[in-house]
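Chemist: Take a look at this one; I'll ask things after.
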Amino acid sequence: MNTPMIQLAVESGVAVITLNRPEKRNAITDDMRTELIRTLENVSSDPAVRAVVLTGNGKGFCAGGDVSGMAQRMEAPTGEVAFNGWSRQQRVHHSVDLLYSMPKPTIAAVNGAAAGLGADVALACDFVIASEDASFAWSYIRRGLIPDGGGLYFLPRRVGLARAKDLIFSGRRVDAKEALDLGIADRVCAPQRLLEEAQAWAQELGQGSATALALGKTLLNQSYELSASQVFAQGSQAQAVCYTSREHREAVHAFLNKPQ
Numbered sequence: 278m279n280t281p282m283i284q285l286a287v288e289s290g291v292a293v294i295t296l297n298r299p300e301k302r303n304a305i306t307d308d309m310r311t312e313l314i315r316t317l318e319n320v321s322s323d324p325a326v327r328a329v330v331l332t333g334n335g336k337g338f339c340a341g342g343d344v345s346g347m348a349q350r351m352e353a354p355t356g357e358v359a360f361n362g363w364s365r366q367q368r369v370h371h372s373v374d375l376l377y378s379m380p381k382p383t384i385a386a387v388n389g390a391a392a393g394l395g396a397d398v399a400l401a402c403d404f405v406i407a408s409e410d411a412s413f414a415w416s417y418i419r420r421g422l423i424p425d426g427g428g429l430y431f432l433p434r435r436v437g438l439a440r441a442k443d444l445i446f447s448g449r450r451v452d453a454k455e456a457l458d459l460g461i462a463d464r465v466c467a468p469q470r471l472l473e474e475a476q477a478w479a480q481e482l483g484q485g486s487a488t489a490l491a492l493g494k495t496l497l498n499q500s501y502e503l504s505a506s507q508v509f510a511q512g513s514q515a516q517a518v519c520y521t522s523r524e525h526r527e528a529v530h531a532f533l534n535k536p537q
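For the numbering used here, count along the sequence shown from 1 and bump the result up by 277.
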């Protein structure tokens, strides 16, 4: 029986998704991406899951795309390379968007090196907690490529445009301390405490109304691209939905009926 390349465990409302190709530093293959997409879709629609932690098995978080797969793509007939690449990119973007638009809080628990696509995937999460052993590198330039997993979008929003250009143009490695200083990581902790702290944080974030969390996250993700009036308008519609939710009704009743 083949070992799954994506592992899933759910405890106390927190889903822990683990990239599981430790012998390849969790480099992502097409088959692994298919497993990841399926897992993200299932977690997204599962009402028992309140928050998500994404991490890697072994020494690395994710080494990016599998280089052997890159070699195979170059062997395709010349007239098919572009369309094959486009088709693959649709799957890459679908997997990243599932994580980015997940209607629940998401945390990347970066246990080791996050390079290329691995660094992009980490930033697709709402928050990043990094082990002291972690590192980040947008190393696409070393393969003659540009970031294709959302890094062109996520990184400038984390660190600013000039710093994003520096990291992408150089492909240099950023250790955990610098990642925290730059805003790539939100927290840093000891390696042995990484998963425990990530799960505790996820549990804290997932305690609120699932309706309010999903709607608030959707609006926040769009807020840099919308005008203030658009955010206000969409916020009004989202709040109207919240007014009808079970969570809002129960919270108001509990407040009004609590002992004085």
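The beta-carbon is built from N, C-alpha and C at its ideal position, and this holds for glycine as well.
1) Quick one: complete beta strand (DSSP E) runs, 3+ long, within the region 434-502?
2) Use the C-beta contact count for R538: other C-beta atoms within 10 angstroms, 16 or more gives buried, fewer gives exposed.
3) Opposite T521 in the DSSP bridges: which residues?
4) Nearest CA to the CA of F338: which residue from A462, P299 and N319?
5) Along the alpha helix (DSSP H) that carries L422, what are the first and last residues, could you check?
6) Hey, quick one: how far does the beta strand (DSSP E) through E288 stretch, first residue to last?
7) Pull up the distance between the alpha-carbon of N388 and that of D410, whole angstroms please.
8) Given a cut-off of 8 Å, decide if V291 and T332 are closer than it, judged by their beta-carbon atoms.
9) Report the start-end ranges of each beta strand (DSSP E) in the region 348-393 that is 3 residues or longer and not cut off at the edges.
10) Would you kindly work out how many angstroms separate the C-alpha atoms of N534 and Q507, rounded to a whole number?
11) Skipping 5 residues on each side, what residues in its chain have a beta carbon closer than 6 Å to that of S500?
12) To which residues does DSSP link T306 through a beta bridge?
13) Any contact between the region 462-480 and the region 419-434? By contact I mean 3 or more CB pairs, one from each, below 8 Å.
Modeler: Reading off the structure:
1) 450-452 and 464-466
2) The displayed coordinates of the chain run from 278 to 537. Any statement about residue 538 would go beyond what the structure contains.
3) Answer is none; T521 lacks a bridge partner.
4) P299
5) That residue, L422, is in no alpha helix (DSSP H); it is neither H nor E in DSSP.
6) I283 to E288
7) 7 Å
8) no
9) 383-387 and 390-392
10) 37 Å
11) V508
12) DSSP, once it has assigned bridges, lists no residue as partnering T306.
13) no
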